[in-house]
Amino acid sequence: MKKTLLASAIAIVATSHAYADYQFELGAVYAQGEVADTDYDGFGIGGEFHFDKVDTSKGPLAEASFLDKSSSLSFIFVSLEPDVANADEEETTNIGGRFVTATNIIIEADWTTEDDGNSDTDTIRVGVGTYLNDNTDVVVSYTTEDDNNADVDYLDVTFHGVNPLNQSASVAFDVAVGYIDTDDDSGYQIAVGGTYYFNTMFGIGLNAGITDVGDVSSDTVGIDASFFPSEQVELTLSIFDSSTEFNNIDVDSDGIMFGAAMRF
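According to mature numbering (1 follows the signal peptide of the UniProt record, and there is no 0), the sequence shown holds residues -20 to -1, 1 to 244 in order.
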């Protein structure tokens, strides 16, 4: 659930077609939902600094840094509070970077730490990829996670693309396939998603994912929306529903997140 929130946190019809390049983005998100019949709410803040000005004239504003092949550094902090007396807050911090060379080679790296008051989890990810063309990239990543001395390793391949349609509309897609290796079992994860941008300012997306490792399996579906009331302000909405099965026990979770970001 925390990973779903983090991924959502690091994203209604507009008529304005003005564009403003930017170099820094700062945002915040509010979340609430339920995990195993326990309510929670929380917040997150994040930012992204680009080494050069991002050209926003190449397609949807939400895809501007991707389409401009921008190099950047980013951070995000998320805090969730279960609605349980004396419960500890669950805090997640992520720091990372994406670097694109003049020859379209992509290098990514990030570090994530999660603390729920009883245990800490540290995750390190490195990725290498390339732009297949101006609108599509592929990245191969290796991730290692240390959860209370239990190691989990991931190897995955992700594709992302933005295909222009008539006028200012476009369609973006995401595909990720991964192998998971734990101390006791191995398995896989698959995720797909798509976003239809009605114009450069407004898009709605759907996503789904499944994971299967040993006795643990899970599936997640979600819907999200991105709207720019102006070229420098983004409003986002994300809704997800997830189910995890472990030893024939089902744990359901869901959530809704509202976000806003400013570009400078």
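By construction, the Cβ of each residue, glycine as well, lies at the ideal position given by its N, Cα and C atoms. Small disclaimer: the values here were computed from a predicted structure and weren't measured.
Straight-line gap, residue i to residue j (C-alpha atoms, nearest Å)
i	j	result
Ser198	Val132	16 Å
Val193	Tyr168	7 Å
Val231	Glu225	6 Å
Thr18	Ile229	16 Å
Ile(-11)	His140	For Ile(-11), the predicted structure reports a pLDDT of 45, less than 50, and the residue's modelled location is therefore unreliable. A value from the coordinates is still provided. Approximately 16 Å, taken between the alpha carbons.
Asn227	Val157	25 Å
Ser45	Gly235	27 Å
Met115	Gln12	The question names Met, but residue 115 in the sequence shown is Asn. C-alpha separation (whole angstroms): 34 Å.
Ser223	Phe29	35 Å
Tyr134	Thr191	12 Å
Asp64	Phe220	Before going further, note that residue 64 is Val rather than Asp in the sequence given. Distance between the alpha carbons of Val64 and Phe220 is about 22 Å.
Asp204	Ile56	19 Å
Gln3	Gly202	29 Å
Val118	Gly109	5 Å
Asp154	Ile170	11 Å
Local conformation of residue i per DSSP, three classes
i	result
Phe178	coil
Glu43	helix
Val64	coil
Glu71	strand
Lys33	strand
Glu5	strand
Glu14	strand
Gln169	strand
Glu211	coil
Asn115	coil
Phe244	coil
Ala82	coil
Residue i versus the options, residue with shortest Cα-Cα distance
i	options	result
Ala241	Leu6, Gln147, Ile203 and Val58	Leu6
Thr83	Tyr111, Asn66, Ile184 and Ser166	Tyr111
Asn179	Asn66, Ala149 and Val157	Ala149
Gln147	Asp126, Glu125 and Tyr177	Tyr177
Tyr20	Val155, Glu28, Thr162 and Glu71	Glu71
Val196	Asp100, Ala11, Ile160 and Gly185	Ile160
Ser121	Gly173, Ile219, Ile87 and Ala42	Ile87
Asp1	Gln212, Ile85 and Asp163	Gln212
Ser51	Asp68, Asp35 and Asp163	Asp35
Asp100	Asp127, Phe31 and Ile85	Asp127
Glu43	Asn98, Glu214 and Ile170	Glu214
Pair within 7 Å by beta-carbon distance, residue i and residue j
i	j	result
Leu60	Gly22	yes
Ala152	Val137	no
Leu47	Lys33	no
Gly76	Asp90	yes
Ser233	Val15	yes
Thr103	Glu125	yes
Ser206	Gly183	yes
Thr200	Gly185	no
Ala130	Asp165	no
Close beta carbons around residue i, own chain, < 6 Å, minus the five adjacent residues each side
i	result
Lys49	Val80
Val9	Ala(-12), Gly24, Met237 and Gly239
Arg78	Ser52 and Glu88
Check: residue i C-beta below 6 Å from any heavy atom of the ligand NAD
i	result
Ala240	The ligand NAD is absent from the structure shown, which contains no ligand whatsoever.
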